[in-house]
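In what follows, a structure is listed as structure tokens, so that the remarks can point back to it.
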Amino acid sequence: MRSRLITGSVLLVLLLAVVSNCRQKSAPTTPEAANPGDASAAINQGTANASTASSSPNETGIPHSTQRAGTVRRPNATKNTRPDPIVVSLTATDPAAQINVRSQPSQTSDAIGYGTVGESVTLGHTETDADGYTWYQVTFQQDDLVGWVREDLLVLPPTTPMAESQETSAPTADRPAPSDTLKTSLDETCGSQQAIEAYYQTPSNSIYICKVRNQRTYLSQETGTEQVITTQDVEALGGGYIITNGNFEYRLDSGNFVVVRFDDSGQQEEVLRESIVYTERY
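Read the sequence shown against my numbering and you will find it ends at 327, with the numbers running on by one and no gaps.
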């Protein structure tokens, strides 16, 4: 009986030893693989290394990752090419003279101030009056007075550009085409393009001055209407025009279009004032 118990105990010990040995063979031999967080860190580390390698500069100093086919470099910003203002000084034969600054480019227009010899002004538009004199619209640097001064009273550079002359003073682009109604009136009154002496465009009016056999005619049309105003009572004055139409007087110059109405007593009332946005002289 005792021998049987001993034999059974030995067999049980051997069986337990075999089972334990099998469990040890099936367990993982690499502890790191059993930790998913460590595996993720290893993958991230590999990705970081690959990224560092791809962005290393080549011999041009540009990272490889930025060299893509078809890449276009952004051009430099457009520079402002507007010409600088032209500053000149007033002059006269008498150093103590007071030089008149007039409201219009004409010796008969009102003097709105005066300048002194050597005073600096900035040049603007130019106009030629009925007597053939050229006038410059000038701005005084000290007090911003704006008016007209005759060219012989200015110390002009030898190559002074007529930067904003009557023909090119408009800030807009090309002259808009007249409406069909206005074109018909122009054809009937002026006859040809060669008869057109001047054109003005305001925000709401298209204006033409024609000259046929020394007779000037004024034609205008307000935007959005079919009516064309026509009159032959036109006087050229100081580079502009004075037009009479019944009780109304239209005043045109390089800067403004003004309509004045006269009542029976001769009193005048300004009913319209618009800036000239485009003009051409022929």
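Cβ atoms here follow ideal geometry from the backbone N, Cα and C, with glycine treated the same way.
Three-state secondary structure (DSSP) of Ala240: helix
Name the DSSP bridge partner or partners of Arg261? Lys256
Specify, as a first and last residue, the run of the alpha helix (DSSP H) that Leu190 falls within. From DSSP, Leu190 is part of no alpha helix (DSSP H); its letter is neither H nor E.
Identity of the residue in Trp193, Val322 and Val305 nearest Asp155 by Cα: Trp193
Between Asn301, Thr153 and Ile157, which has its C-alpha nearest Val146's C-alpha? Ile157
Among Pro223, Thr262, Ala243 and Ile144, the one whose alpha carbon lies nearest that of Ser165: Ile144
Tell me the rounded alpha-carbon separation between Thr234 and Gln266. 14 Å
Output the boundary residues of the alpha helix (DSSP H) element that contains Thr16. Since the displayed the chain opens at 46 and closes at 327, residue 16 lies outside it and no answer follows.
Does the beta-carbon distance from Leu264 to Leu231 come in below 8 Å? yes
With distances taken from CA atoms, which of Leu198, Glu271 and Gly163 is nearest Leu227? Glu271
Using a threshold of 8 Å, state whether the C-beta atoms of Gln277 and Gln260 are closer than that. yes
Using beta-carbon positions only, say whether Leu200 and Thr275 come within less than 8 Å of one another. The residue you asked about is not Leu; residue 200 is Val in the sequence shown. Cβ atoms of Val200 and Thr275: not closer than 8 Å.
Below 8 Å between beta carbons: does that hold for Thr247 and Glu319? yes
Just how far apart, CA to CA, sit Pro221 and Ala141? 49 Å
Does the distance from the C-beta atom of Thr324 to that of Tyr244 stay below 8 Å? yes
On the criterion of 16 or more Cβ atoms from any shown chain inside 10 Å, does Val279 qualify as buried, or is it exposed? buried
Can you give the beta carbon distance from Thr184 to Thr167, rounded, assuming they're within the 8 Å contact cut? 5 Å
Between Pro150 and the rest of its own chain, which residues show a CB-CB distance below 6 Å, the 5 nearest in sequence each way excluded? Glu172, Asp174, Trp180, Trp193, Gly283 and Gly284
Counting only the same chain and skipping the five closest in sequence on each side, list residues whose C-beta sits under 8 Å from that of Asn89. Residue placement at Asn89 cannot be trusted, given a pLDDT of 45 that sits under 50; the coordinates are not used to answer.
Please tell me whether Val322 and Val304 are closer than 8 Å, where the distance is taken between their beta carbons. no
For Asn301, tell me which candidate among Pro223, Pro130 and Asn250 has the shortest Cα-Cα distance. Asn250
Return helix, strand or coil for Leu56, following the three-state DSSP convention. helix
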